[in-house]
Structure formats: C-alpha cells, structure tokens
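Novice:
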Amino acid sequence: MAVIEARDLHRTYKTTTGTIRRRSLQVEAVRGITFDVEKGELFGLLGPNGAGKTTTIKMLITLLIPTSGSARVLGYDVVKDAREVRKRIGYVFGGERGVYERLSGLDNLRYFAELYGVPGREIRPRIEELLELVGLKGREKERVEGYSRGMKQRLHVARGLLHDPPVVFLDEPTIGLDPVGARELRATIASLTEGGKTVLLTTHYMFEADALCDRIAVIAEGDIVAHGTPGDLKAGVEEGAVVEVEIFGIPEGAVDRVRELDGVRAVSVEEREQAQVLIVQTPADVELTHAILGRLNGANVGRISRREPTLEDAYVALVGNSE
Amino acid sequence: MRAGARLLAVGWLFHFKMLSRSAFDGLLGVMWPLFFATVAFFMFRAGGGEETLLYASLGAAVMGIWSVTSTSAGAAMQRERWQGTLEVLVASPAPFALVLLPVTIAMTTIGLYCLVATLIWGRLLFGIDLHVVHPLLFALSIPVAIVSIGTFGFLMAVAFVRYRFAWALGNVLEYPVWLICGFLVPLTLLPDWVRPISWLLAPTWGIRAIRQSALGGSPLPDIALCVALAGLYTLVGVLVLETALRAARARAALSLT
C-alpha cells in the first residue's frame, strides 16, 4: 500500500469580480491529479507558480476538501478521517507566515507540541533535539519577529517534526532563502528520508527537485504533465538539441513566429543584463538556426550557440507545452 | 480529559502572553476603560449619590471587558488567518474547540484589567467608595462573568473562522450590547421586546451578578444563569464548530491565499 495515494483529485475555487455588478467565476486549480508515494520515498511536485502544487498539498493535509476525487494518507481518507491523518503528518510551508512572531521560538514549539499531543515529559527533550537538528540552539528564547527568514523557516521545520510524524509535507520550503540557508535546509530535508520518513515536497526549483527527489511529478495548469525519476525526465529530452540566440531587443511577435516553425518543441526567453536569450528546443537531427534567425526580422543578434538539453530544458518544455 | 484540561491551560497562557505583548491592543486596553469610566462617572454624577456612581463604575468596567472581547475576538481571528497560523491550528490533531476556546478566554482575561483600572480610576479621580457588600460573592462573580463573556466570544469566533469577513460583526455588536445588557441603563427602561434578547446574553447576568454582590442583593441566581449560559454557548459552539470548519475547508476560507 502506498503511503500517499491521490486519485483523480479536482479542486475548483469560486471567486467574484466587480464591485457593483458582481460576477461569480470558477477557477479550476487542480484538474484530475493521480499519483502514489511509497514508504521512505522523497517525492517532488514540481511546477511553476499557480500550477496547483499548494492546492494539492492542502487537500492532502486536510485543509481543503477536494471538489471531486479522493486521497488517502497511510490508508486514512483525508476527508472522512481527517483527525487520523493529522496525527500522522507534519506540514511545513515556505515563507515567513505560520508562526507567532511576538513570542519566542521556544514558546511556539511548546504550544505546538501540546497541540500535536506530545506527552508532557517528552516535550523538553524533543524540542532540544529539534533545535539541534535545525540549528536554532541558543536562539530559541528570542522573539520570532527578530529571526531572519531562514531562521523562521527552520522553526517551521522543527514545528512540523515535533510529533515525529512518519509522513512530512513540505510546501516550497526553501522559497526566499539565501543560497547557503537553502543548501542547509535541503541537507535537513534529505536526512528525513534517511530516518525512514516519507516526504512530499513541492518546489518550482528544477535543481532542487533533481537533487532531492527520488521521483518527480511535473505539474502545470492543475494537471500532471510528466512523472518519473529525474533520470527519466532527462532521458525524454536527451534526444533533442537547444539553440540559444542572444538578442538585443526581441521584435514584437518574434517568439510566436519562432514557435510556429516546424520541429520547434518549446521556446522560452531569459533576461540577461541588457540582452534577452531566446532558448529554442528542437529535435537533435534538425538544424533550425537559420530558420530561427529568419523569423527575427533583422533584430540585433549577438552570440548564437547550440547545446545538449538539461533537466531544466525538460521542465521548460513540459510546462511550456501545457500552456 | 486531563490532556484536554492541559491543552486549555497551555493555550490560555500562550495566547494571554501573546495578547499582552501587542502594543496596539495594549494601548487600547489601557485607554478604553478609562474613557468609558470617565464618561460614565460624569453622566451619573449629575444624577445623584455614591451608590449610583459605584453602579456606573461597575457598568463601565464590564463595558471594557465586553469591548475587548467583541472587537479583539474578530481581530484576533483575522490576524490568525493573515499570519497563516489559523491553517496550522486547524491542521493539528487537537479538537479545534480546545484550541479556540482558550484564545477567547485569554482575551476576556485581558478585560480583568478593565475592571481593576476602572475601579481605581473612579476611586482616585472621583472619590468613589469601593465598599463591597458581599466580598466573596463579588470575587466569585468576576471570574464567572469573565468566563461567560469569553464563551460568548468563542461562539462569535466560530463564525469568524467560517466567514472571512465576520470579524466586522464583533465591532457591530460592541455598542448595542452595552445598551441591551444594561451596562449603563437599567433594563427596565428598555422596550419590552428587547428583554428576551438581553436574557440570552451572558453579559446581562454578569453585570447583574457583579452589581448585586457589590451593592447588596442576591447575586447567586445571576451567577447560576451566567454559568448556565456559558455552558450553553460552549455546547452550541462545539456542536457548530465541526460543521463550520468543514464548510471553511470546502470553501477555502481558512487562509487569505
């Protein structure tokens, strides 16, 4: 039995526009997601902002009821057995919200230990252990409002692990952290599965999913567009090529014109100082450089290169094709 | 049972500590009762004797307790939602009633300051004699009134959890309750149709209990009614809470994002 099972999950939000003439709108945030996560696995949901990652994770941790479909964690239904699910999961989300800033880190951890039913005599040693794990030892008596973003994030991780849950959900845990802080947190995350926990991680950082996850599901516009090991996803694009064209001012409509070329798999644009770089993915045996330049209407072009695709290119192709 | 009591106590202490560290709430909490008391003293001094001034003083004190509860309960729930802690609280396995109840009781406890500050303010500035006829019953009626108002706040907080904009309800209810519950004006002066509403509100019996024990009378029936209403509010709140939470999860009302 899989530890986490999602079956055809859908979630629709109702929203309104206008002040006087109010109009009701329905936004389909998740459109039929299905996946399994096995025991001890670190599974990644990878996708851009607004893809439906957080909505999916909120349904799995019982904060949102799916519009349709079902999900189970350790065999418990996330709607019918919400309390049983909550006892067995830890939840950590990214950013600075979710802690009581006016109180100390220690106050926060003590309170949440009570909420999660940690027995009284175990609270102190457990908090000590977690403060060591997340590197907050010595700072626990300071008010959280004085913590850096990285410290708040580490406090979140400690909070999520207080009751030693077998399943941990991490929603973009490294968002907004500096590179060193993010690397330290990634090391902590990697250590969770070494201790036998099952982890579901959402991220929009390709390299993070590649470095941490045993398997990845790429999610775009509320649906899974690809899944497999990082190696599987790379294999999908290894047979292709990437043409990069440095342009000083992309003409209007040029990207769409390049996208229409036969053989083009995906097109994206990256800003690099004064120039933009047009990144075009093509099959390996097709040479499109001249055709691409022909679609740029005489724009001021700099360096042109052709290279093998990376995992990030695979991600861009998958996400781009779903739009 | 023991774990539940422990959770209530720890939750109360945690939220009391947090509320007492808010500069904004703190300043309001300090100033409000003094303004209420001053207005009440001036109004009633024109009317007569020492006993009437103590009557006004006690009314102003409970006005403060009620105002802190009605406005802070809504603001606090909105703050929990804004700072992302409401989701974290709901995602915990603890019964949500045991999580929410200490939040509102902690707010009402801040109102205890209102009572003390009002009485001292009245003594120092207006020379009001603080002679209490039944000191023990007075000491009992205060925590009973505070807890019953806190449980009413709990009932309101259930609505605040379910509806994102219900926090405004707290502000709307602040002034009508001053009148309906007889904080300043005797209930006998109000129209007959208002009285059944007053009887359902714990602050009505809370202020009566405090006044009867301070000024002389029989406060025990009022104390008993306060306790009964506190029980009723808690029962209704607990019964409605799970349905309200489920609706909030279905309508994505737990967070602002």
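Residue numbers (our numbering), protein chains in the order written: chain A, 1321 to 1643; chain B, 68 to 324. Cβ coordinates follow ideal geometry from the N, Cα and C atoms, glycine included.
#1: Counting only the same chain and skipping the five closest in sequence on each side, list residues whose C-beta sits under 8 Å from that of V1446 (chain A).
#2: So, helix, strand or coil for L46 (chain B), using DSSP?
#3: Confirm, please, whether the CB-CB distance from A320 (chain B) to Y230 (chain B) is below 8 Å.
#4: On the criterion of 16 or more Cβ atoms from any shown chain inside 10 Å, does V183 (chain B) qualify as buried, or is it exposed?
#5: Buried or exposed, going by whether 16 or more other CB atoms sit within 10 Å of the CB of R1403 (chain A)?
#6: Tell me the residue span of the alpha helix (DSSP H) that contains D289 (chain B).
#7: If I'm right that I132 (chain B) touches T175 (chain B) with Cβ under 8 Å, what's the distance once you round it to whole angstroms?
#8: Relative to the alpha-carbon of R1422 (chain A), which residue among A:L1598, A:E1460, A:G1360 has its alpha-carbon at the smallest distance?
#9: Under three-state DSSP, which class holds V1393 (chain A)?
#10: Using a threshold of 8 Å, state whether the C-beta atoms of Q1596 (chain A) and I1567 (chain A) are closer than that.
#11: Taking the continuous beta strand (DSSP E) assigned at F1413 (chain A), which residues delimit it?
#12: Return the chain-ordered list of same chain residues with a C-beta closer than 6 Å to the C-beta of R1392 (chain A), the five sequence neighbours on each side being excluded.
#13: Please go through the same chain and pick out, in chain order, the residues whose beta-carbon is closer than 6 Å to the beta-carbon of R1579 (chain A), but skip the five residues on each side of it.
#14: The alpha helix (DSSP H) that contains A1574 (chain A), what's its start and end?
#15: Against chain B, with Cβ distances strictly below 8 Å, would E1643 (chain A) count as a contact?
#16: So which residues on chain A does Q145 (chain B) lean against when the C-beta distance must stay under 7 Å?
#17: Closer than 8 Å is the cut-off here; do at least three beta carbon pairs connect the stretch 1570 to 1584 of chain A with the stretch 1606 to 1623 of chain A?
#18: Quick check on G1542 (chain A): buried or exposed, where buried means 16 or more other Cβ atoms within 10 Å of its Cβ?
#19: Taking Cβ-Cβ distances below 7 Å as the criterion, which residues of the stretch 234 to 249 of chain B are in contact with chain A?
#20: Under a three-way DSSP split, which group does Q150 (chain B) fall into?
#21: Does P288 (chain B) pass the burial test, meaning 16 or more other C-beta atoms within 10 Å, or should it be called exposed?
#22: Under 8 Å between the Cβ atoms of R1479 (chain A) and S1424 (chain A)?
#23: So is R1535 (chain A) buried or exposed if we call it buried at 16+ other beta carbons inside 10 Å?
#24: Skipping 5 residues on each side, what residues in its chain have a beta carbon closer than 6 Å to that of R1343 (chain A)?
#25: Counting only beta-carbon atoms, is A158 (chain B) nearer than 8 Å to chain A?
#26: DSSP on A72 (chain B), reduced to helix/strand/coil?
#27: Just to make sure I have the definition right: I need the residues of chain B whose C-beta is within less than 7 Å of the C-beta of Y1333 (chain A). Which are they?
#28: Identify every residue that forms a DSSP beta bridge with P1493 (chain A).
#29: Residues in the same chain with beta-carbon distance under 6 Å from T1549 (chain A), minus the five sequence neighbours each way, listed in chain order, please.
#30: Going by beta carbon distance, what residues of the same chain come within less than 7 Å of L186 (chain B), once the five residues before and after it are set aside?
#31: Would you mind reading off the limits of the beta strand (DSSP E) that contains I1624 (chain A)?
#32: What do you reckon, are the CB atoms on G1410 (chain A) and G1352 (chain A) nearer than 8 Å?
#33: If you drop the 5 nearest sequence neighbours on each side, which residues of the same chain put their C-beta closer than 8 Å to that of I274 (chain B)?
#34: Taking 6 Å as the limit between beta carbons, can you name the residues of its chain near L1384 (chain A), skipping five residues before and five after?
#35: Short of 9 Å Cβ to Cβ, which residues in the stretch 1397 to 1410 of chain A face chain B?
#36: Quick one: which residues of the stretch 118 to 137 of chain B get their C-beta closer than 8 Å to a C-beta of chain A? List them in chain order.
Specialist: This is what the structure gives:
#1: Contrary to the premise, residue 1446 (chain A) reads as Arg rather than Val in this sequence. Around R1446 (chain A): A1433, V1438, L1482, D1484.
#2: Absent from the structure is residue 46 (chain B), since the part of chain B shown begins at 68 and ends at 324.
#3: Result yes, Cβ atoms of Y230 (chain B) and A320 (chain B) sit closer than 8 Å.
#4: Exposed is the call here.
#5: By the neighbour-count rule (16 or more Cβ atoms within 10 Å), R1403 (chain A) is not buried but exposed.
#6: Per DSSP, D289 (chain B) belongs to the alpha helix (DSSP H) from 287 to 317.
#7: Contact holds; Cβ gap of about 6 Å.
#8: Nearest of A:L1598, A:E1460, A:G1360 to R1422 (chain A), Cα basis: A:E1460.
#9: Note: V1393 (chain A) maps to strand in three-state DSSP.
#10: Result yes, Cβ atoms of Q1596 (chain A) and I1567 (chain A) sit closer than 8 Å.
#11: If you look at F1413 (chain A), you'll find it in the beta strand (DSSP E) that goes 1409 to 1413.
#12: The residues are E1325.
#13: So the qualifying residues of the chain are V1587.
#14: Unbroken alpha helix (DSSP H) run through A1574 (chain A): 1574 to 1579.
#15: In this predicted model, E1643 (chain A) has a pLDDT of only 48, less than 50, meaning its place in the structure is not dependable; the value taken from the coordinates is given anyway. At least 8 Å separates the CB of E1643 (chain A) from every CB of chain B.
#16: None at all; the shortest Cβ gap to chain A is about 14 Å.
#17: Judged by Cβ distances under 8 Å, the stretch 1570 to 1584 of chain A makes contact with the stretch 1606 to 1623 of chain A, as three or more pairs qualify.
#18: G1542 (chain A) comes out buried.
#19: Those residues of the stretch 234 to 249 of chain B that come within reach of chain A (Cβ to Cβ, closer than 7 Å) do not exist; the list is empty.
#20: Per DSSP, reduced to three states, the secondary structure at Q150 (chain B) is coil, with no helix or strand assignment.
#21: Classification for P288 (chain B): exposed.
#22: Using a Cβ distance threshold of 8 Å, R1479 (chain A) and S1424 (chain A) do not count as a contacting pair.
#23: Answer is buried; the Cβ neighbour count reaches 16.
#24: Excluding positions up to five away in sequence, the list reads T1337.
#25: It does; some Cβ of chain A falls within 8 Å.
#26: Helix at A72 (chain B).
#27: Chain B residues near Y1333 (chain A): A319.
#28: None, per the DSSP bridge assignment.
#29: Only R1535 meet the Cβ criterion.
#30: S124, A128, L197, listed in sequence order.
#31: 1621 to 1627 is the span of the beta strand (DSSP E), which, as asked, contains I1624 (chain A).
#32: Not in contact: G1410 (chain A) and G1352 (chain A) (Cβ atoms no closer than 8 Å).
#33: The residues are L125, G126, V129, A212, C248, G249, F250.
#34: Answer for L1384 (chain A): K1378, listed in chain order.
#35: Result list: V1399, A1402, R1403, E1404, V1405, R1406, K1407, R1408, I1409.
#36: Those residues of the stretch 118 to 137 of chain B placed with their C-beta closer than 8 Å to a C-beta in chain A do not exist.
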